[in-house]
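Worksheet: the structure to be examined is printed underneath.
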Amino acid sequence: MRYLALAADYDGTLATNGLVPERTVAALERLVASGRKLILVTGRVLPDLLEIFPRLDLCERVVAENGALLYRPASKELEVLAPAPSSVFVDELRRRGVEHVNVGQSIVATHHPYERIALEVIRDMGLELRIVFNKGAVMILPTGISKASGLMAALKELDLSPHNIVAVGDGENDHALLGLSEYAVAVANAVPMLKEAADRTTSADHGAGVEEIIADLLDNDLESDRHEASRHRILLGKRDEGKDVTLYPGRGNLLLAGTSGSGKSTVATGILERLCQRGYQFCVIDPEGDYEAFTEAVILGTIERGPSVQEILTALDKPDNSVVVNLVGLPLQDRPSFFLGLVPRLQELRAKTGRPHWILVDETHHLLPADWNPASLVLAQKLSCMIYVTVHPEQIERSVLETVDTVIALGESPGKTIASFCDAIREACPPVRPQPLVPGEAIVWDRGTEEGPFKLRIAPSEMDRRRHRRKYAEGELPPDRSFYFRGPSDRLNLRAQNLILFAQIADGIDDGTWDYHLRRGDYSRWFAEGIKDEELAEAAKRIEKRSDLSALESRKLMRSAIEEHYTVPAKE
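Those letters in the sequence shown? Residues 332 to 903, per my numbering, in order.
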């Protein structure tokens with residue numbers, strides 16, 4: 332089960348004119364009976380809600396006052412998440428003629444058209460408050476308090492990730508709620524801007540729209556929903572024409588295959604970094620310790636000892652923890668059996684919590700070999716959101732390969748790699764156009780489309796960028812890739828084998844030599860071809876095109892451009 336909770340607004344979403352229809356209550360009962368949790372997220376103050384909605388017992392948590400209050404219906408405990416409103420502020424609102432002022436634990440609410448007066452009072456008193464609209468309602472709250480902040484407090488208590496949440500709303504104040512969730516739904520009566528921001532708009536309005544979503548959740552966990560949440564997609568790279576190629580983080584399996592040194596770990600690390608940046612939890616099975624340097628995850632296992640299944644599960648209990656399972660400390664022959672013992676436990680954890688969102692298996696041909704029968708028994712239940720990394724796809728258990736949706740082939744013979752994959756699953760191989768690949772390129776085959784394999788320029792990882800920066804800022808480029816300050820008539824022959832030397836020599840040469848290379852576009856050409864940095868090359872081109880700069884000014888701008896991308900010592 333991927334979606335473990337529904338976060339629903341009250342007025343205009345569950346309720347019509349303040350009341351929730353019986354059929355909607357029945358749908359909420361079915362939702363809770365399925366094992367999913369209901370979290371009510373509303374702008375109302377809690378006493379009003381208790382009076383008009385007697386079925387708060389269905390809710391695991393209630394976020395009231397637009398994020399300022401957290402209520403636990405089972406224990407009837409409440410927690411105020413924001414400061415109380417100033418009585419002086421409230422009195423001043425009333426003194427200036429604001430009617431129907433409703434004061435909660437933290438919220439102060441009124442209605443249109445009193446937002447203008449409220450804003451004037453906030454300004455005149457110098458208060459750090461903000462106004463939030465909900466159709467005709469005007470809510471005044473401390474800065475930083477929203478439905479998203481309140482929902483995050485609830486999720487933290489429940490050890491749930493926003494990536495396992497469906498949110499549904501109708502008003503302006505629901506933007507933050509929908510933005511936090513993995514799958515955002517606007518009911519048919521929602522304001523137009525919320526519909527634009529949502530992943531899906533229901534065909535029915537109010538509670539009937541919520542019933543529609545609940546029915547799809549119970550039927551297939553939104554598996555067949557065509558309204559894909561594209562805002563969460565993970566960048567893989569760009570095609571030749573510049574179009575982004577992305578990975579949908581909710582479903583599908585990926586195979587990264589190619590010869591040793593072809594860049595598989597670079598692609599894998601880039602994907603993991605971007606998953607981490609978006610808050611997805613992952614678990615890396617690392618048989619050879621290749622991911623020890625991944626600082627964004629908890630590393631379990633050392634060269635002296637292997638990890639235990641229990642410590643892996645304990646680390647994954649918290650949604651913010653991603654884990655690298657280092658198997659180097661286990662004997663080589665024990666690693667496949669350890670992995671196959673871990674997989675069912677990870678499946679149980681996913682069934683309970685929806686996490687880890689992604690699992691990466693490095694050296695898959697060792698852990699899931701084609702000739703090992705226990706593998707097919709353990710993997711009888713299809714695994715999803717998997718990344719398999721291998722040198723030999725043909726040596727992987729066939730039932731695993733058959734679940735792969737996208738193949739990324741790297742190295743000198745990507746066509747042969749795809750062919751070996753197809754042979755292993757006994758499927759016809761698509762035509763792969765022979766084309767040379769330079770480092771950082773791959774051939775991608777999306778098996779779910781009719782399009783054949785195509786070339787991809789891989790999006791670099793931050794770890795790769797750091798290595799790139801060190802290499803080109805401080806390293807030793809070969810003579811044919813170094814820059815040479817020669818000047819007019821080849822009077823000089825000053826070699827810069829990295830960017831630090833380039834900056835130092837540039838500061839010391841005469842203006843004539845500097846301008847000679849500048850006007851020829853030699854600097855941007857070297858940055859693009861020698862340093863392999865298109866962004867730096869574009870910045871240099873802009874400087875080269877400016878005729879209004881003196882040699883000193885263009886030198887300063889060029890150094891600044893380099894320093895934006897690389898760490899270059901300042902001139903003494």
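Ideal Cβ positions, reconstructed from N, Cα and C, are used throughout, including at glycine.
Keep in mind the model is a prediction, meaning the values are calculated, not measured.
{"query": "For the alpha helix (DSSP H) containing Asp846, list its first residue and its last residue.", "result": "842-851"}
{"query": "Measure the C-alpha to C-alpha separation of Ala358 and Asp530 and round it to an integer number of angstroms.", "result": "21 Å"}
{"query": "From this set, Trp776, Tyr847, Gly771, Asp777, which residue's C-alpha is nearest Ala790's C-alpha?", "result": "Gly771"}
{"query": "Could you give the C-beta distance for Ile774 and Ala740, rounded to a whole number, given that I count them as a contact under 8 Å?", "result": "5 Å"}
{"query": "Since Pro473 sits in a beta bridge, which residues does DSSP pair it with?", "result": "Leu460"}
{"query": "Mapping the DSSP letters down to three states, classify Pro414 as helix, strand or coil.", "result": "coil"}
{"query": "With H, G and I counted as helix, E and B as strand and the rest as coil, what does DSSP make of Ala528?", "result": "helix"}
{"query": "For Ser596, collect the residues of the same chain with a Cβ closer than 7 Å to its Cβ; drop the 5 residues on either side in sequence, then sort them by chain order.", "result": "Asp621"}
{"query": "Looking at the structure shown, is Glu758 part of a helix, part of a strand, or coil, going by DSSP?", "result": "coil"}
{"query": "Only counting the same chain, and skipping five residues up and downstream in sequence, which positions put a Cβ closer than 6 Å to that of Arg890?", "result": "Ala834"}
{"query": "By Cβ distance below 7 Å, which residues in the same chain neighbour Val429 in space, the five residues on each side in sequence not counted?", "result": "Thr441, Tyr445, Ile448, Ala449"}
{"query": "Run through the region 594-678 for me and flag every whole beta strand (DSSP E) of 3 or more residues, listed as ranges in chain order.", "result": "613-617, 629-631, 654-657"}
{"query": "I'd like the list of long-range same chain contacts for Pro765, defined as Cβ closer than 7 Å, with 5 residues on each side in sequence excluded.", "result": "Gly746"}
{"query": "What does the Cβ neighbour count give for Ala338, buried or exposed, with the cut at 16 atoms within 10 Å?", "result": "buried"}
{"query": "In three-state DSSP terms, what is Val899?", "result": "The predicted position of Val899 is uncertain, since its pLDDT is 49 and thus under 50; no value can be drawn from it."}
{"query": "Comparing alpha-carbon positions, which option in Asp841, His848, Asp665, Asp340 lies nearest Gly502?", "result": "Asp340"}
{"query": "For Gln612, is the classification buried or exposed, using 16 other Cβ atoms within 10 angstroms of its Cβ as the cut-off for buried?", "result": "buried"}
{"query": "Which residue or residues does DSSP assign as beta-bridge partners of Tyr402?", "result": "Val393, Leu409"}
{"query": "Look up Pro700 in the DSSP assignment and say whether it is helix, strand or coil.", "result": "strand"}
{"query": "Between Leu486 and chain B, is the shortest Cβ-Cβ distance under 8 Å, so that the two count as touching?", "result": "The question asks about chain B, but that chain is absent: this structure has only one protein chain."}
{"query": "Going by DSSP, name the residue or residues bridged to Ala346.", "result": "Asp342"}
{"query": "Consult DSSP for Ala750 and reduce its assignment to one of helix, strand or coil.", "result": "helix"}
{"query": "Just how far apart, CA to CA, sit Thr600 and Ile453?", "result": "48 Å"}
{"query": "By a C-beta neighbour count over all protein chains shown, 10 Å radius and 16 as the cutoff for buried, is Leu663 buried or exposed?", "result": "exposed"}
{"query": "Please report how far the alpha carbon of Leu458 lies from the alpha carbon of Leu409, in whole angstroms.", "result": "26 Å"}
{"query": "For Glu396, is the classification buried or exposed, using 16 other Cβ atoms within 10 angstroms of its Cβ as the cut-off for buried?", "result": "buried"}
{"query": "Counting only runs of 4+ residues fully inside the region 476-502, write out the alpha helix (DSSP H) ranges in chain order.", "result": "478-489"}
{"query": "Can you tell me the Cα-Cα spacing of Arg681 and Ala515, whole angstroms?", "result": "21 Å"}
{"query": "Count the other C-beta atoms from every protein chain shown that fall within 10 angstroms of the C-beta of Pro687, then say buried if there are 16 or more, exposed otherwise.", "result": "buried"}
{"query": "Nearest to His848 by CA position, among Ile862, Asp821, Asp864, is which residue?", "result": "Asp821"}
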